[in-house]
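Data block below; observations after.
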Amino acid sequence: MSRYSGSIGAQVKSESLATISSAGESTLDEAIARAKIGDVDSAASVLDQAQKLIDAQRRRIAYLENLAMADEVTSLVNRRGFMAALQRELASAKRDPGAYGLVLMFDLDRFKSVNDTYGHAAGDAYLAAFGAALAAEVRPSDIVARLSGDEFAVILTRAAPKPGMARAMTVAKNLNSKSMSWRDRSLPFSASMGVSCFTGRDIAEAVMVSADLKLYADKKKRQKTFGQKN
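Residue 43 in numbering that gives the first Met the number 0 sits at position 44 of the sequence shown, and the numbers go up by one each step.
Rendered as structure tokens:
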């Protein structure tokens with residue numbers, strides 16, 4: 000279950016923030032030491048510099064927080080960011096007993112083949128293109144993430160089970176009809192999907208495990224179908 004808890008970037012972020020804070024305090028201490036007691040202009044200057052340092056630190060902290068929750072290849076949210084978003088959605092649903100949502104998990108069926116045949120650059124482009132196509136299929140309010148390797152996920156926020164499931168099936172159908180171009184070749188998308196509905200009574204790890212199990216079942220089914228076609 001630990002794969003869903005997430006602590007990516009926590010140590011790096013903590014160390015970076017400590018460095019920023021230390022640097023800011025050092026600069027401010029020097030400014031205060033230079034200011035003359037009773038000198039209003041100097042005091043105002045110190046306060047102005049302090050505010051600028053605080054603002055700069057806040058911007059840097061926001062940057063580091065975003066960096067810790069972003070996937071480098073696709074620019075989507077990563078697993079850590081996704082789990083944080085799911086926790087927020089569950090907390091929101093808990094306050095509203097009538098609220099529902101869905102988690103969609105996708106696993107690319109032929110990513111290894113793309114990587115092995117065309118190289119890692121093509122593999123990264125394939126991941127980025129699939130992520131962009133997935134994001135285009137859902138609402139701006141929904142959360143789209145690359146969890147790991149060739150695994151993606153979506154939180155359909157404020158979605159009731161029946162219409163949400165219908166939407167999920169449409170998303171999967173549309174994705175599996177698309178492709179990306181790579182050096183005059185068309186590389187079709189092929190992805191298995193697992194869906195789990197949630198309410199405020201659910202916990203994040205259970206929702207993810209449920210979607211993961213359904214994803215595994217769909218992948219087995221699709222492999223059998225591909226085998227029959229071949």
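All residues carry an ideal CB built from backbone N, CA and C; glycine is no exception.
None of the values given here were measured: they were computed from a predicted structure.
Helix, strand or coil: which one does DSSP assign to residue i?
i      : result
Arg109 : coil
Ile202 : coil
Ala98  : coil
Arg157 : coil
Gly118 : coil
Leu173 : Sequence check: residue 173 is Asn here, not Leu. Three-state DSSP puts Asn173 in a helix.
Ser209 : helix
Counting along the chain, where does the alpha helix (DSSP H) carrying residue i start and finish?
i      : result
Val232 : The chain is shown from 0 up to 229; residue 232 falls before or after that span and cannot be answered.
Ser91  : Arg78 to Arg94
Look up residue i in the DSSP assignment and give the residues it is bridged to.
i      : result
Ser185 : Ser180
Arg145 : Phe151
Met104 : Ala152 and Gly193
Of all the options the options, which has the alpha carbon lying nearest to the alpha carbon of residue i?
i      : options                           : result
Val76  : Ala158, Ile142 and Ala159         : Ile142
Glu71  : Val102, Phe110, Ser147 and Arg138 : Ser147
Met104 : Leu214, Ser189 and Lys220         : Leu214
Ser74  : Val102, Tyr125 and Ala131         : Ala131
Ala190 : Gly163, Thr198, Asp201 and Lys172 : Lys172
Arg145 : Ala69, Arg57, Val45 and Lys218    : Ala69
Arg221 : Ser209, Met192 and Ala210         : Met192
Ser209 : Arg200, Ser195 and Asn175         : Ser195
Arg138 : Gly163, Tyr117 and Thr116         : Gly163
Ala90  : Ala216, Lys218, Lys161 and Asp201 : Asp201
Tyr99  : Ala159, Phe188, Leu85 and Leu174  : Ala159
Phe151 : Ile53, Pro187 and Leu174          : Leu174
Val102 : Leu186, Val170, Ala43 and Thr116  : Val170
Leu126 : Ser44, Ala55 and Asp149           : Asp149
Phe129 : Ser176, Lys218, Thr198 and Arg166 : Ser176
Ser185 : Gln86, Tyr117, Ala55 and Arg57    : Tyr117
Leu212 : Ala167, Asp106 and Glu136         : Asp106
Gln86  : Ala134, Ala135 and Ile154         : Ile154
Where do the N-terminal and C-terminal ends of the beta strand (DSSP E) with residue i fall, by residue?
i      : result
Glu71  : Element bounds for Glu71: n/a, residue is neither H nor E.
Arg138 : First-last for Arg138: undefined, no H or E at that position.
Notebook entry, point to check: So does the region 179-186 actually touch the region 200-213, counting three or more Cβ pairs closer than 8 Å?
Noted result: no
Margin query: I want to know whether the region 80-94 touches the region 116-134 - three or more CB-CB distances under 8 Å.
Written below: no
Next item on the list: Take every Cβ of the region 105-116, pair it with every Cβ of the region 44-53, and state whether three or more of those distances are shorter than 8 Å.
Entry: no
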